[in-house]
Structures are given as structure tokens and as C-alpha cells.
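Have a look at the structure below before the remarks.
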Amino acid sequence: MENHSKYRVVAKAVKYDNAGEQVYRSSYRILDHIGEEIEASTGTNDFVDITSAFNEAFALGHERLRELGVDTIQ
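Below, the structure written as C-alpha cells:
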């Protein structure tokens with residue numbers, strides 16, 4: 153089975169200071185089958201918990217893959 157058309161999402165939550173409050177923002181990268189970055193984006197919503205930011209990053213990355221119409225690595 154060939155893997156040449158597979159892409160993956162790397163999701164993370166980025167912590168930063170928003171007017172004295174520590175908040176998290178989602179961020180994702182889409183990597184091709186050899187690990188080269190083909191796209192990256194940061195969300196616009198602030199979250200007080202890391203889990204919500206991570207979940208949004210993962211969802212946004214996978215939504216973008218669907219928009220691109222590409223296969224993903226499971």
C-alpha cells in the first residue's frame with residue numbers, strides 16, 4: 153500500500169498572555185508523507201483551558217484537509 157498521497161495534522165495549543173490573563177489559542181500544521189509542512193494556521197478564539205484549544209486545532213486541521221480533498225494518515 154503506497155503512502156505518497158497521505159497527509160497528517162499536527163495540532164497544538166499555544167499559550168500566551170492576553171491583557172494579563174494566560175489563555176490558549178489553537179494552532180495546526182498539515183504535513184505531507186515525508187513530514188514537510190504544506191500549510192499552517194492559528195485559530196482566532198481564546199480558551200482558558202488547553203484541552204479546548206487543542207481540540208479546536210485538531211478539528212480545524214482536519215476540516216482543512218477535507219476542503220483540500222486529500223487522504224489522511226490514520
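In my numbering, the protein residues as written are 153 to 226.
Backbone N, C-alpha and C fix where the C-beta goes; we use that ideal spot for every residue, glycine too.
Note that this is a predicted model, so its numbers are computed, not measured.
For residue i, the nearest candidate out of the options (CA to CA)
i: E173; options: F199, G221, L220; result: F199
i: L183; options: V161, G195, D201; result: V161
i: T194; options: N170, A171, F210; result: F210
i: R177; options: S204, G187, A192; result: S204
One or two residues paired with residue i in a DSSP bridge
i: D166; result: Note that residue 166 is Val in the sequence shown, not Asp. Paired residue(s): R177.
i: F199; result: Y176
i: L183; result: R160, E189
First through last residue of the beta strand (DSSP E) which encompasses residue i
i: E191; result: 189 to 194
Contact under 8 Å by Cβ, residue i with residue j
i: Y180; j: V222; result: no
i: A171; j: I202; result: no
i: E208; j: N197; result: yes
i: R216; j: E191; result: yes
Coil, strand or helix - residue i by DSSP
i: E154; result: Its pLDDT being 43, under 50, E154 is placed unreliably in this model, and the value from its coordinates should be taken loosely. It is coil, neither helix nor strand.
i: A171; result: coil
i: G221; result: coil
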